[in-house]
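Numbering (my numbering), first residue to last: 16 to 163.
No residue lacks a Cβ here, since even glycine has one placed at the ideal position from N, Cα and C.
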């Protein structure tokens, strides 16, 4: 009987470890996915800013703003999933792994807030720049976005 209990306890610990590892790996994957889109959003915003100087072509500026906005939108959603995954990892892990999962969750929370702020700012800029008549004003983008 003692061997059966020990075997069951061992099976439960392997299951718990597997869940911890799976949650942790999912969090890392979501973080990397989010960062790729965050960087894409930043790069496309810089293209829009550069093109808006001087005789900027509205179509190029607006295309870059749409791509930038999409990048920050996807990054925001992926950082939300990153938060969920590391929250799950903190629940399924123990010891140092739990502490690291909580730290990683906090990083995802901070990055989520920055990505969301950039998304909202670029959406506002996109509306003000690209959804108005062609004759109305210059294309100089003066706002800046936050970097991680």
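Three-way DSSP call (helix, strand, coil) for residue i in this model
i	result
residue 162	coil
residue 41	helix
residue 70	coil
residue 108	coil
residue 87	helix
residue 147	coil
residue 35	helix
Spatially closest choice to residue i from the options, by CA coordinates
i	options	result
residue 41	65, 94 and 77	94
residue 129	36, 34, 49 and 35	49
residue 92	34, 126, 161 and 71	126
residue 147	68, 74, 66 and 37	74
residue 88	138, 114 and 64	138
residue 71	161, 162 and 145	145
Integer-rounded CB distance, given that residue j should sit under 8 Å from residue i
i	j	result
residue 39	residue 104	5 Å
residue 79	residue 98	Actually they do not touch by this definition, with Cβ atoms about 29 Å apart.
residue 35	residue 112	6 Å
residue 123	residue 46	6 Å
Next on the checklist: Under 8 Å: do the region 54-73 and the region 116-127 share three or more Cβ pairs, one atom per stretch?
Outcome noted: no
Item to check | the region 76-85 in contact with the region 125-141 per 3-pair CB rule at 8 Å | outcome: yes
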